[in-house]
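*Asks:* This structure is in structure tokens; I'll ask about it shortly.
4 protein chains.
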Amino acid sequence: LEPVAVVGASGYSGEELVRLLSRHPGVDLVALTSRQLAGQTVETVFPKFAGLRYSQLAFIESSVDKIVATGARTVFLALPHGVAAEYAKPLVDAKLRVIDLSADFRIKDAAVYQEFYGEAAHAPELAAISVYGLPEIYREQIRNAQLVASPGCYPTSAIVPLYPLLKRRMLKPESIIINSLSGVSGAGRTAKVDYLYVECNESVRAYSVPKHRHLAEIEQELSNAYGEDVTVSFVPHLIPVNRGIATTIHATPADGIGLAEISQAYKEAYANEPFVRLLGEKGTPDTKNVTFTNFIDVAWRHDPRTGRMVLLSAEDNLVKGAAGQAVQSLNVMCGWPETTALL
Amino acid sequence: LEPVAVVGASGYSGEELVRLLSRHPGVDLVALTSRQLAGQTVETVFPKFAGLRYSQLAFIESSVDKIVATGARTVFLALPHGVAAEYAKPLVDAKLRVIDLSADFRIKDAAVYQEFYGEAAHAPELAAISVYGLPEIYREQIRNAQLVASPGCYPTSAIVPLYPLLKRRMLKPESIIINSLSGVSGAGRTAKVDYLYVECNESVRAYSVPKHRHLAEIEQELSNAYGEDVTVSFVPHLIPVNRGIATTIHATPADGIGLAEISQAYKEAYANEPFVRLLGEKGTPDTKNVTFTNFIDVAWRHDPRTGRMVLLSAEDNLVKGAAGQAVQSLNVMCGWPETTALL
Amino acid sequence: LEPVAVVGASGYSGEELVRLLSRHPGVDLVALTSRQLAGQTVETVFPKFAGLRYSQLAFIESSVDKIVATGARTVFLALPHGVAAEYAKPLVDAKLRVIDLSADFRIKDAAVYQEFYGEAAHAPELAAISVYGLPEIYREQIRNAQLVASPGCYPTSAIVPLYPLLKRRMLKPESIIINSLSGVSGAGRTAKVDYLYVECNESVRAYSVPKHRHLAEIEQELSNAYGEDVTVSFVPHLIPVNRGIATTIHATPADGIGLAEISQAYKEAYANEPFVRLLGEKGTPDTKNVTFTNFIDVAWRHDPRTGRMVLLSAEDNLVKGAAGQAVQSLNVMCGWPETTALL
Amino acid sequence: LEPVAVVGASGYSGEELVRLLSRHPGVDLVALTSRQLAGQTVETVFPKFAGLRYSQLAFIESSVDKIVATGARTVFLALPHGVAAEYAKPLVDAKLRVIDLSADFRIKDAAVYQEFYGEAAHAPELAAISVYGLPEIYREQIRNAQLVASPGCYPTSAIVPLYPLLKRRMLKPESIIINSLSGVSGAGRTAKVDYLYVECNESVRAYSVPKHRHLAEIEQELSNAYGEDVTVSFVPHLIPVNRGIATTIHATPADGIGLAEISQAYKEAYANEPFVRLLGEKGTPDTKNVTFTNFIDVAWRHDPRTGRMVLLSAEDNLVKGAAGQAVQSLNVMCGWPETTALL
């Protein structure tokens, strides 16, 4: 059994990690840490986990020494950006494997991090060695990574449908416009008036227009796919569901590219991927079909009236968009079947 | 008092008309009709209206003769498309004023109606004399109209932010991409599994991609504004709220047009409109601020990274997107203050 | 016009007061106060009120001197308990009329306040002169009151259906069991994790079992009705709606009392009340029929199998359960039609 | 592998059975039947199951011969009452084991069935041999049953907290009052206006007062526990969540019984039950902690003011209240660990 720790397990992503790791046959969860919750058991903090495998495990303090002392060999960091880097550095130095769910190591270019996050990159030397934890694209690099930068929720929902098409230069990159709708768990378990039930229920609103932080990550990966700098439009919206992201992408195909080529590209890229479900030219992704799963559903249309493609995706922001994808990377790193604990 | 009838008052738009007309000091609601509900009182059908002005009014059958016999001078039609035309023709012949909430008279070009609705236009001769009931654009024509084609919910949310900019040729029309998110009341009070609580709650999905019927109406009005045929992309989404549409529009400004010109155009167009609230370059429309009101909130951003504008709007699909706007037209037609019963 | 101030207008009840007073033809809202919001306009704080009557009114600081200086003759206090008393005392001394929405003056017996609120009564001398602001019961006393203690949301939903039956000694008081289900706005606009969207959505839970603070108020009024001390069971539940309380009461009728007597008692008590809608022996209160209104719907059943009555009510916790009822008291105090601004 | 069929798999309970059986290592799902869906694959009907174990399984017609021909040894019936009996009879004759999720075999007394369901019992001879499928009470009988009548959702939520106390004669049975709040999936996947999203969202309402059908089943089992006829009050409410039942029970303890005895009784009855989580004298069941699980959470309070106990429970109506409990019975019948596929 792989001894695993989760640092910062009090938020929604941390909680989801506990849920997934509880049913993972290859994992021994040796530590959960949280500054506020130290000393409390899992079932006290998360009553829903009472009666399950780790219900009696007590949270410990979030100290690197204590984490190392537990014998953990792989550590998930479910911490705010900036804080994650503080833990990642000593853990990597101690030769532990780190799967970080924050933004700290996703952005390879420190200037881009500075631009989008408004502060200096926290550990550019680690960002340099990190692997972007999207197994559908970086599976081989994840296999031997010591530090995985697990992707953001919006970026996953946009990169999965766009990457194979840009890689094959089937879209005009400057035409790409991404609209995303996210459930409220994306805002985290933080006591802010804006995320109170009454403020979110019966409410729909765009936010962070036109420059949400996740653009940094989206454009980095789309540029990698295309081989040139790609700049896109992205507008996220907050909608009253607990979980789920639905993303709608508009893009103009490259000259000579039609529906058949797009469909073929998706088949080549994803037909064998266990977590990418291709719904095709007629299917419709719906968040209710993917919540509580690690699937991302993808469908596409051609609009002969405008000549544009519409790409649609749906995922659970806490699973494929966070904890599930992180466990998927763990499975890759450990050489286990990639679907372990995720189906 | 203006004697008014509502035909087909059993759906959500009809119910909303009753709510608004109940508090209208200039109106005498003389008839509500419904095939299924004939003989029942308002308070039996809509328990929420018990104790209000028309709670004891009984529904009558939806026959033109009976409607005319009530002495109604203005008739609202809240009927499915196709059916509306059957009523509009004899009512117009009988010299009554008709405010139709269906699509039957919105589309001036019968071929376009055929293309988008999959059936022949039901009364092209009436479509020819109808006025599109968006007072912010057609106020003067509405004043003397005998037949008003009250706009659709999505079209209102898109046309209000786009019209003044296209009129001034400030946007490149081929760049326009419209994403809309609508509450479930937009689907009507119809017993279909797709709209059950359990099927819509914790669900988000795009639908009718890429050719929703409302495109016909949106493009007609945007073409009117621009003076040339305009073709746009439009993707609607169903989201779990009762009421409200949030629309996010991406468009590239014409050469030489920047944020200042856009802001100025909005001020010129709407500063004196009682129901268009300009939230400016920093505000964010949120459906919770407009539900149960006739307001449409509009904001806008310039994205220097892509050069595009993002236009944002929010409205209540049943009020500004349906019944409220129809009452606004009534106020115009009757020469009353336009906000009567609507603030 | 009556000059009116609202103190502590930043919460949900305060916001609802602004909404109702905005359409009140007899009121001139001369001041809104809030420590945090001083200097900001209504439309900045509550974007939904942009374009309405008081949108440009600026919040002032919550100082008694400043309130008095505005010329207000009636002051609504929408403050936490304890804080309300601090304002009420000097305002009453200054001969202003005060309508307090907190619990500070509802409980006549200081020992009971101490027992349920865990602190000494804040101004027992004012509690002694206050009138419990339920117009259906205390209309005459409200008319000349200087200090109205506007009822709590749960108490209103329980007292309205129980009072006339206890007054007539038609129920065995020791048999009364009250279950209530409340929307989340009842918890106030306070940034607490427990009331985040994700924590309340898809969640139902009882709380404060078996001794919620509102029991003090419920029992006081039921005892007044019955003429002897009445002790009841009360269990509130939090449910995922913004607004609305549904209350289900079980009670055994007194000997010789049946459905006919109960129905007759309700008719005697409430047939002429504009805000109590009697749905009778077959109707079913539903919060969706009362939200955004000042109505309370009441229905009842007899269960021959157990011999018990079931009494059902529904109200909007922010309107009949708070701001609307307070405005109803204002109307009574000012001699206006009681439904002014409330229908 | 046990060959298993699910008859009537198009509803919410049937869908949940498919979800649970998909991850059951001891089961081979050999047939799913549905009149309307015959010929379609699981993933076509339930897109959420695409990529999972039975996604390609095609529905067959609901004919007994065809079911028997699949080699199924155990058959789940997820059919309306009345229809279930038609299938159960020939299947039992064919020596298959049947786990019925309808009410057809729950009620032992045909007169009671007639009273509550308004029609004659459909197969009283089978009701006579059926076992009520609540493993916490009837585990031994389930082990060798040929026909299991799996309990209703509300009854499970009430019987689990009440049974051990009545068995020990710790409550006065005539004092029992049960209030339940259920999510909308309890109404089934049926196209009715009452269960549309817009009709249920922002709505809370009691229904079937005072004589819901599930009373028959609740009283039968409570009478079994107590050894004498027990008659109780029961009021169900519909609340806007997809899944979950919260039940609040009021009851007076028998003379000499206090909190300590109640707590002890629960420990005796349930300390070793894997799916009953005792939250004790301070915990609070919340449906969000049990949805998508087979757990039922139970807590209790003593109210010294009234002398009553309050018993609280929460379960997922589709899991412990339907499909999960049925699989739990399957596990018992097959001699597998009772938690298989359920944790």
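Protein chains in written order, with this note's numbering: chain Y, 767 to 1109; chain D, 767 to 1109; chain R, 767 to 1109; chain U, 767 to 1109.
Idealized CB from N, CA, C, for every residue including glycine.
Note that the structure is a prediction, hence the values are computed from the model and not measured.
With DSSP run on the structure shown, which of helix, strand or coil describes Glu753 of chain R?
*Replies:* Outside the displayed range of chain R (767 to 1109) lies residue 753 of chain R, so it cannot be described from this structure.
*Asks:* Between Tyr920 of chain R and Ile1005 of chain R, is the Cβ-Cβ spacing less than 8 Å?
*Replies:* No, these two residues do not count as a Cβ contact at 8 Å.
*Asks:* Does any C-beta atom of chain U lie closer than 8 Å to the C-beta of Ser989 of chain R?
*Replies:* Judged by the 8 Å Cβ criterion, Ser989 of chain R is not in contact with chain U.
*Asks:* Touch check for the segment 933-943 of chain U and the segment 1085-1103 of chain U: three-plus C-beta pairs under 8 Å?
*Replies:* No: fewer than three Cβ pairs fall under 8 Å.
*Asks:* Thinking just about the alpha-carbon of each residue, which of D:Ile944, D:Val914 and D:Leu767 is nearest to the one in Leu928 of chain D?
*Replies:* Selected option, being the one with the closest Cα: D:Ile944.
*Asks:* When you compare each of Y:Ser776, Y:Val998 and Y:Leu786 to Ser828 of chain Y by their alpha carbons, which one comes out closest?
*Replies:* The option with the nearest alpha carbon to Ser828 of chain Y is Y:Ser776.
*Asks:* Can you give me the C-alpha to C-alpha distance between Tyr973 of chain U and Thr1014 of chain U, rounded to a whole angstrom?
*Replies:* Their backbone Cα atoms lie some 16 Å apart in a straight line.
*Asks:* I'd like to know whether the C-beta of Gly1049 of chain R is nearer than 8 Å to at least one C-beta of chain U.
*Replies:* Output row for Gly1049 of chain R: interface = no.
*Asks:* Just verifying my parser: in three-state terms, what is the DSSP assignment at Leu1077 of chain R?
*Replies:* Strand.
*Asks:* With burial defined as no fewer than 16 other Cβ atoms inside 10 Å of the residue's Cβ, what is the status of Arg801 of chain Y: buried or exposed?
*Replies:* Counting Cβ neighbours within 10 Å, Arg801 of chain Y comes out exposed, since fewer than 16 surround it.
*Asks:* Please return the same chain residues whose Cβ sits closer than 8 Å to the Cβ of Ile1117 of chain Y, not counting the five positions on each side in sequence.
*Replies:* Shown here, chain Y extends from 767 to 1109; a query on residue 1117 of chain Y therefore has no answer.
*Asks:* So, Ala860 of chain Y versus Ala889 of chain Y, is the Cβ gap smaller than 8 Å?
*Replies:* The answer is no: Cβ separation not under 8 Å.
*Asks:* So the alpha helix (DSSP H) Glu891 of chain R belongs to, where does it begin and stop?
*Replies:* Pro890 to Ile895 is the span of the alpha helix (DSSP H), which, as asked, contains Glu891 of chain R.
*Asks:* Can you have a look at Thr956 of chain Y and say buried or exposed, based on whether 16 or more other CB atoms are within 10 angstroms of its CB?
*Replies:* Counting Cβ neighbours within 10 Å, Thr956 of chain Y comes out exposed, since fewer than 16 surround it.
*Asks:* Go through its chain and collect everything with a Cβ distance to Ala991 of chain U's Cβ below 6 Å, but skip five positions before and after it.
*Replies:* Once the five neighbours on either side are set aside, the close Cβ partners of Ala991 of chain U are Tyr929, Leu932 and Lys933.
*Asks:* CB-CB under 8 Å to Ile1023 of chain R, same chain, minus the five flanking residues each way: which ones, in chain order?
*Replies:* Around Ile1023 of chain R: Met936 and Leu937.
*Asks:* Is any beta-carbon of chain R found at less than 8 Å from that of Gly1101 of chain D?
*Replies:* Chain R, which has no Cβ nearer than 8 Å to the Cβ of Gly1101 of chain D, makes this no.
*Asks:* Quick check: the segment 958-970 of chain D against the segment 1049-1057 of chain Y, are there 3 or more CB pairs under 8 Å?
*Replies:* Yes: the two stretches touch, three or more of their Cβ pairs being nearer than 8 Å.
*Asks:* Any idea which residues DSSP pairs Thr1013 of chain U with across the strands?
*Replies:* Paired residues: U:Ser946 and U:Ser1079.
*Asks:* With contact counted as at least three CB pairs below 8 Å, one residue from each stretch, are the segment 772-786 of chain R and the segment 1036-1047 of chain D in contact?
*Replies:* Contact between the segment 772-786 of chain R and the segment 1036-1047 of chain D is absent, because fewer than three Cβ pairs lie under 8 Å.
*Asks:* Under a three-way DSSP split, which group does Arg971 of chain Y fall into?
*Replies:* Correct three-state label for Arg971 of chain Y: strand.
*Asks:* Apart from the five residues just before and just after Val887 of chain D, which ones in its own chain have a Cβ nearer than 6 Å to its Cβ?
*Replies:* Note that residue 887 of chain D corresponds to Ala in the displayed sequence, not to Val. Within the same chain, Ala887 of chain D has close Cβ partners Ala876 and Tyr879.
*Asks:* Output the distance between the C-alpha atoms of Glu781 of chain Y and Val841 of chain R, rounded to the nearest integer angstrom.
*Replies:* Going from the Cα of Glu781 of chain Y to the Cα of Val841 of chain R covers about 47 Å.
*Asks:* What separation, rounded to the nearest whole angstrom, lies between the Cα atoms of Val849 of chain Y and Glu891 of chain Y?
*Replies:* If I take the Cα positions, the gap works out to 16 Å.
*Asks:* Starting from Ser951 of chain R, find everything on chain Y with Cβ-Cβ shorter than 8 Å and list it in chain order.
*Replies:* Neighbours of Ser951 of chain R on chain Y, chain order: Val964.
*Asks:* Can a CB atom of chain R be found closer than 8 Å to the CB of Asp960 of chain U?
*Replies:* No, Asp960 of chain U lies away from the interface with chain R (no Cβ there is under 8 Å from its Cβ).
*Asks:* Just by C-beta distance, which residues in the segment 874-902 of chain Y are closer than 7 Å to chain U?
*Replies:* Listed in sequence order: no entries.
*Asks:* Val708 of chain R: buried (16+ other C-beta within 10 angstroms of its C-beta) or exposed?
*Replies:* Within the shown structure, residues of chain R are numbered from 767 to 1109, placing residue 708 of chain R beyond reach of any answer.
*Asks:* Tell me, which residues are paired with Tyr898 of chain Y by DSSP?
*Replies:* Looking at the DSSP assignment, Tyr898 of chain Y forms a beta bridge with Y:Ala915.
*Asks:* Measure the C-alpha to C-alpha separation of Gln907 of chain D and Val897 of chain D and round it to an integer number of angstroms.
*Replies:* Taking the straight line joining both Cα atoms gives about 6 Å.
*Asks:* Assuming Ala797 of chain U contacts Ala844 of chain U under a Cβ cut-off of 8 Å, what Cβ separation, rounded to an integer in Å, is found between them?
*Replies:* Not a contact, Cβ separation roughly 13 Å.
*Asks:* Express the C-alpha separation of Val864 of chain D and His749 of chain D in angstroms, rounding to a whole number.
*Replies:* The first residue shown for chain D is 767 and the last is 1109, placing residue 749 of chain D beyond what the model contains.
*Asks:* If you drop the 5 nearest sequence neighbours on each side, which residues of the same chain put their C-beta closer than 7 Å to that of Leu1084 of chain D?
*Replies:* Tyr778, Ser779, Glu782, Ser951 and Arg1009, listed in sequence order.
*Asks:* Between Ala982 of chain R and the rest of its own chain, which residues show a CB-CB distance below 6 Å, the 5 nearest in sequence each way excluded?
*Replies:* Counting only Cβ-Cβ distances below 6 Å, and skipping sequence neighbours, we find Ile873, Val878 and Phe882.
*Asks:* Is the Cβ-Cβ distance between Ile833 of chain D and Ala804 of chain D less than 8 Å?
*Replies:* No, the Cβ-Cβ distance between Ile833 of chain D and Ala804 of chain D is not below 8 Å.
*Asks:* Which runs of the beta strand (DSSP E) at least 3 residues long sit entirely within the segment 995-1040 of chain Y? Give them in chain order.
*Replies:* Within the segment 995-1040 of chain Y, the complete beta strand (DSSP E) runs of at least 3 residues are 999-1004 and 1011-1017.
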